[in-house]
Amino acid sequence: MRFGAILAGPGFSRRGLRSSGVSVRRRRLWSVAHAGDECGSPGKKGRRAHGARSAPRWTRGGLAEIPARAHSRVMAEEIDGASVTAPETGAAGGQLIGESEVMRRLRRAAEEIARSDVTVLIEGESGTGKELVARLIHERSVRAARPFIFVNCAALPEQLVEAELFGYRKGAFTDARADKLGRFQLADGGTLFLDEIGDLSPKGQGDLLRVLEDGAFRMVGGTELVRVDVRVVAATNKSLLEAVAAGKFREDLYYRLHVIPIAVPALRERAEDIPLLIEAFVVRFCAKHRRRAKRLAPEAMRLCQRFPWPGNIRQLRNVAERIVVTSSGPVIGVDELPDEIRAQENAGASVEIRAGMTIEEAEKLLIAQTIKHATANRAEAARLLGISRRALQYKLKRYGLLGPKAV
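Written as structure tokens, this is what we have:
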């Protein structure tokens, strides 16, 4: 497993560990160093782990976050078939946070896609939470109890792509001292998430296309055909169509992956969700760093909503942790925000009104500039214009400023 493993339920099925949103009764958890499958013994309600234990951790109504260490696995005793997955650091609590219309549509689309079993391509800027969308699709699918395996294609050297994806046999090359399963075998029955698919090497693209078409492959150094049942979900922060046109990405692989595309919006496109995200991260980091509860002052929150967040949720997460650590009081003011966010305080938008313009033309220009200044936050734009949100919505529709709908 990526972060750890839990052996739970009568079938001892493998599951990861999730830090929130799981309905679990009071259970004891501990870390077991270098625990393997042979380190457990069956019990009536699941599997009991053996090994060097740390202090027991008690939980009620949900699993408390347990740090994942590089050389340890997290095991659980007597968990009654709870479905749990690895903790996610991309957003607070590993959940898609947001009540904006674009996020509601995104969740609905992900849950609808989860009912099918086709290949999915998730598109979006870096730091928008594409992995969280992939996990949501997995968790809502019939494969939820099976593994979710993550692969960062950008980190795969060309000479190791085949061995990493398909595994190898002992003696296949100099350092192959034992058989090793590849990511496709580890994901058998579950979901394989290929992040940054646009950075996969040309050879890797060819290897991936073959297994997507045939559902089978040969391990490096092996002769027998290995068949797997895997759903592939890929993600990219690049335009794969542009990469195809430039000859950097295979057109046949693009269409094999692009069966169902889903777009994850940039944070600036859902600025009304920023307060929810900041509040969730502040709570999380106050607990992590053992600080008393903190909150942002209203003006500080408004500046955060106006900031464009080029690094998206990942950048917001880092800023939230920084201000929790560096702020002194319970209320985080404007002066405690990073310089790049405070620069929004005096930044204003200007509108050029020319002689001969009609009132409607001037109003359209003013609304368009205000929407841009408010980084697409319609609630903030309505406040700045001094009109209701409903009135703003009407004018946006009237002047053709609504733009294309996101997923």
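In the numbering used here, the protein residues as written are 46 to 452. C-beta: ideal position from N, C-alpha, C; glycine also.
In the structure shown, what three-state DSSP assignment does Ile142 receive?
-> coil
CA-CA distance, Glu207 and Gln360?
-> 33 Å
Under 7 Å Cβ to Cβ from Gln389, same chain only, skipping five residues before and after it: list those, please.
-> Leu348, Arg351 and Phe352
Backbone CA spacing between Arg313 and Gln204 [nearest angstrom] = 39 Å
For Asn422, name the three-state secondary structure that DSSP assigns.
-> coil
Would you mind sorting Arg105 into buried or exposed? The rule is 16 or more other CB atoms within 10 Å of its CB.
-> Reliability of the predicted coordinates at Arg105 is poor, the pLDDT of 33 falling under 50, and the value obtained from them is presented with this limitation in mind. So Arg105 counts as exposed.
Taking only runs of the alpha helix (DSSP H) that begin and end inside the segment 221-274, which ones reach a length of at least 4 residues, in chain order?
-> 228-231 and 247-259
From Leu52 to Ala159, what distance separates their C-alpha atoms?
-> Residue confidence is low: Leu52 scores 33 on pLDDT, short of 50, so the model does not pin down where it sits. No coordinate-derived value is stated.
Please go through the same chain and pick out, in chain order, the residues whose beta-carbon is closer than 8 Å to the beta-carbon of Asp318, but skip the five residues on each side of it.
-> Ile142, Gly143, Glu144, Ser145, Met148 and Leu312
Val206 (DSSP reduced to helix, strand or coil) = helix
So, helix, strand or coil for Tyr444, using DSSP?
-> coil
Who are the near neighbours of Arg340 in its chain, counting only those whose CB is closer than 8 Å to its CB and skipping five residues on each side?
-> Glu324, Val327, Pro375, Val376 and Ile377
Given a cut-off of 8 Å, decide if Thr236 and Arg276 are closer than it, judged by their beta-carbon atoms.
-> yes
Segment limits, alpha helix (DSSP H) that includes Leu177 | Lys175 to Glu184
Just the C-alpha distance for Leu302 and Glu406, rounded to the nearest angstrom, thanks.
-> 44 Å
Taking 8 Å as the threshold, find out whether the segment 277-290 comes into contact with the segment 159-170 through three or more Cβ pairs.
-> yes
Backbone secondary structure at Glu168 - three-state DSSP | strand
Give me whichever residues DSSP pairs with Val277 in a beta bridge.
-> Leu237
C-alpha distance - Ile404 paired with Leu410, whole-angstrom precision = 10 Å
Using a Cβ-Cβ cut-off of 6 Å (strictly less than) and excluding sequence neighbours within five positions of Leu472, which residues of its own chain qualify?
-> Residue 472 is absent from the structure shown; the chain starts at 46 and stops at 452.
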